[in-house]
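Residue numbers (this note's numbering), protein chains in the order written: chain L, 1 to 493; chain R, 1001 to 1493.
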């Protein structure tokens, strides 16, 4: 009973783990691995405290915790001993931490498909030019936003603070209902609008609501890899359908879809707008076959001249269109709020599903967004950003033409946050993007958005987040990387 | 060309929709439904403005938008006409809104299973006594929280504001790593901790990472309906495994599990704690079969005497335990932040999956939680709430005994936020809960947590969110409802 515990307990006095926690863990591991056998006496707390040079209270707390959890027990006349109740076949040497080689991990087939989807991991660190989809984060009115967040957080009502409204706070749903009607031609009652923890979550939720595992989902080719990965993650069979100058082209020998994912306002990545006739044809196909159409309206707020073309949703009389919006581009991505609009007949299904998948945005963030829109900050910010991004588009187009000359063809987009610099011929855009990454330039290879053989090659470049100076210097750098990549003169083998 | 548009455009001057939007929508619908035929001339803008009593700019904006979207076109020498390019078979009378009966909606089998799971829709409105799982929202230091949210929002770094860190902000992951080691015995590096948009999202994510559709998941019987619904939503085959006084009892003739969902610290709803021997047996089963164990540690912070029992996670040497935590009980539910802890070998899989399911919490909320913990507010709040909830537990136990007497048996729980008032005999607890709901009292029927025949019947009552006065008056009211429910004396047919 007076044996020394110095070989069992070895305390670090500099690390972050408390002495209490260390004594508790080390005694527990010794018991579980059999190094301290059942019935072994534990020294009196003052003895152990002296041996370990810690306070008696620390020892007492650890011993009491071990007793409460069943590792130690009091035996009359003897004191505290290692519990004999611990069945022998549960105490084994391999319970010592590190002594066991865990069985290999087995992940689900869905997780494997997502890993193989071709979508990279999330970027780390500060965004670099010319990351696509990234708005100008510095231009966002963070002070106004911080003030609104504080205001709504101080006044949070009991129902907003509790478990209610897993589908979205009424304030934001009502605000969005009016905003979407007026600015996007989307006619939806507040109850049809579901606020989610990102548009990606909305996409996942919508797909799970209407597609069974193995069901066919069409995506655009080339298209958004995030949509592909999300749909693979729901178990859908994803079929790439070629995009022409009018967007996704229905028809062709593709298996009949249950779901069609499109970006009709501004095709990602080609930038084309789906014209009326194609829109009506797509809706007709959906109405006839009962397929649903997901309209991802990711950046239509940034139309540089005139109003943006109305959403496909406004043309849908057969309740086929599921609309997706995001605040990642119009405010900033770290906000992590998006929304999905569904027909009335799907609202209950979506609400139940969302509650159980937990793809929910915090109450305060939802209320602050509603206030940000209602008090005019949202429209003002969009107006400023529209002018700013138009200028940066012009900057990037001019810089590309000046520095890269005939090596690329650039068509200035009518809006949005990125453009394509098309490389001539069979250029290796993937290799070029890798070399640019080595120089600190983020440029996506256009061919990486194709699942099949790429019809075009080029660089997909975001212009929204970078100052004219950055655009100029980084384009010049890009030109140097491009020049260094070319075979020296024409002496090609 | 000078025809009147008064039969086609009918403007409301009082509603929320702008005149521009109304003119645009009504002309568009008339074109799409064929009421305005291809080639029909549109009156000059000043004529239409006079007819409709609106400004000429409003008419011009609508006509320009319709032209930009392809509904109208300019014809030389004639002016603006309805576009003839619209293919005739796309223009149909049923395009008039309301004239079409949409095809029936077809939702996925998963969505149907979730709807049939027995879990109710989210509560609406302010929580009523004795809603379970609800903390005292008024006692939360909302002012401190609001100040922290504002502070981090004003200083949001570029990487936090952008698309990085879909798995969780480094600040919160590091803070949680230290906190979980010290307070719960969970040993996990920051990279193993995934911050999600609620613990429910973490559960959904974990299940999707390791269970294939049709794979077997064990849940506790009785158990948490939210876990059942979430697992059904991932396509798992859910098998209820009976709980005894030591929690879920492994063994028995159940199909071999791929996943086991347990609440070992404080079984939901029975409140029992899983003792050491059962914990080791469960981990042994998992290690032998390669099954994963989800440990949902939903409210262990509220242990009223001594420290809470360490998490199952700390005993796991074979990397089988997936740990789930939440801030819904320790802070407030509307925060919508939870976290999942996985073994190192699953971290990449989970990170990829989370990025693509969008179950992500806003950057500012994550940073504010990290600050709330680091600056000591979290521990202080927990300490206050522990004392407060212990007092309320005592209040409710005393009130139940005083007002309901022998009609119920109450075992005071050692911690948590709710208790069971067991009804004697074959009492209809579901009917009683419905009658109580009619009186404004929220009481869950214990039998509703069983999938099979209930072993016990009673009321599951939350005590954390209600003042001693509310507990007293609502328990007295409960007694009156209970008395009125009993058959009049013994003159039972």
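The beta carbon of each residue, even a glycine, is placed where N, CA and C say it ideally should be.
Tell me which same chain residues have a C-beta within less than 8 angstroms of the C-beta of residue 441/L, skipping the five on either side of it? 128, 129, 130, 474, 477, 478 and 481
Local Cβ density within 10 Å of residue 1393/R, reported as buried at 16 or more and exposed below that: buried
Name, please, each residue of chain L whose Cβ falls closer than 8 angstroms to the Cβ of residue 1064/R. 306
Compile a chain-ordered list of the residues in the segment 1104 to 1131 of chain R whose CB is closer than 9 angstroms to at least one CB of chain L. 1104, 1105, 1106, 1107, 1108, 1109, 1110, 1111, 1112, 1114, 1115, 1117, 1119, 1121, 1122, 1123, 1124, 1125, 1126, 1127 and 1131
When you compare each of 1091/R, 1483/R and 1447/R to residue 1224/R by their alpha carbons, which one comes out closest? 1447/R
Residue-chain proximity (residue 1142/R, chain L), Cβ-Cβ < 7 angstroms: yes
Let me know the alpha helix (DSSP H) ranges lying completely inside the segment 413 to 441 of chain L, each 4 residues or longer, listed in chain order. 429 to 438
Does any C-beta atom of chain R lie closer than 7 angstroms to the C-beta of residue 449/L? no
Smallest Cα separation from residue 1324/R: which of 1024/R, 1342/R and 1336/R? 1342/R
Could you name the residues that DSSP lists as bridge partners for residue 401/L? Beta-bridge pairing links residue 401/L to no other residue.
How many angstroms separate the CA atom of residue 145/L from the CA atom of residue 211/L? 37 angstroms
Are there 16 or more other CB atoms within 10 angstroms of the CB of residue 1266/R, so buried, or fewer, so exposed? buried
Would you report the Cα separation of residue 1219/R and residue 326/L, rounded to the nearest angstrom? 36 angstroms
Cβ closer than 9 angstroms: which chain L residues qualify as neighbours of residue 1071/R? 276
Can you list, in chain order, the residues of its chain whose CB lies under 7 angstroms from that of residue 1235/R, leaving out five sequence neighbours each side? 1110, 1213 and 1214
What residues in its chain sit with their C-beta under 7 angstroms from that of residue 1382/R, if we drop five residues either side in the sequence? 1301 and 1330
So who's on the other strand from residue 145/L, going by DSSP bridges? Paired residues: none, contrary to the question.
Interfacial residues, the segment 396 to 426 of chain L to chain R, with Cβ spacing under 9 angstroms: none
Starting from the beta carbon of residue 300/L, find every residue of chain R whose beta carbon is closer than 7 angstroms, and list them in chain order. Going along chain R, no residue has its Cβ under 7 angstroms from residue 300/L, so there is no contact; the nearest lies around 13 angstroms.
Could you check the C-alpha separation between residue 1042/R and residue 1011/R for me, to the nearest Å? 17 angstroms
Can you give me the C-alpha to C-alpha distance between residue 281/L and residue 360/L, rounded to a whole angstrom? 34 angstroms
Cα-Cα, which of 1377/R, 1468/R, 1297/R and 1268/R is closest to residue 1420/R? 1268/R
Can you pull the chain R neighbours of residue 77/L, defined as C-beta to C-beta under 9 angstroms? Residues of chain R passing the Cβ test: none, with the nearest at roughly 24 angstroms.
Where residue 17/L falls: helix, strand or coil (DSSP): coil
Nearest residue (CA-CA) to residue 1026/R, options 1007/R, 1014/R and 1013/R: 1007/R
For a test of the three-state rule: what should DSSP assign to residue 1130/R, helix, strand or coil? coil
Using a Cβ-Cβ cut-off of less than 8 angstroms, list which residues of the segment 317 to 341 of chain L approach chain R; keep chain order. 317, 318, 319, 320, 328, 332, 333, 334, 335, 336, 337 and 338
With a threshold of 7 angstroms between beta-carbons, can residue 1092/R be considered close to chain L, or not? no
Mind listing the chain R neighbours of residue 270/L? Cutoff is C-beta to C-beta under 7 angstroms, in chain order. Those do not exist, as residue 270/L stays about 19 angstroms from chain R at its closest Cβ, beyond 7 angstroms.
Any C-beta of chain R sitting closer than 7 angstroms to the C-beta of residue 218/L? no
Pick from 1347/R, 1336/R, 1390/R and 1389/R that is closest to residue 1366/R, judged by C-alpha positions: 1336/R
Which partner residues does residue 72/L have in the DSSP bridge list? 82/L
Rounding to the nearest angstrom, what Cα-Cα distance links residue 1345/R and residue 1167/R in this structure? 15 angstroms
If you follow the alpha helix (DSSP H) that residue 179/L is in, where does it begin and where does it stop? 170 to 184
Partner residues on chain R for residue 145/L, Cβ-Cβ distance less than 8 angstroms: 1153
In angstroms with no decimal places, state the Cα-to-Cα distance between residue 491/L and residue 379/L. Bear in mind that the predicted position of residue 491/L carries a pLDDT of just 43, short of 50, making it unreliable; the figure below should be weighed with that in mind. Spanning the two alpha carbons is a distance of roughly 56 angstroms.
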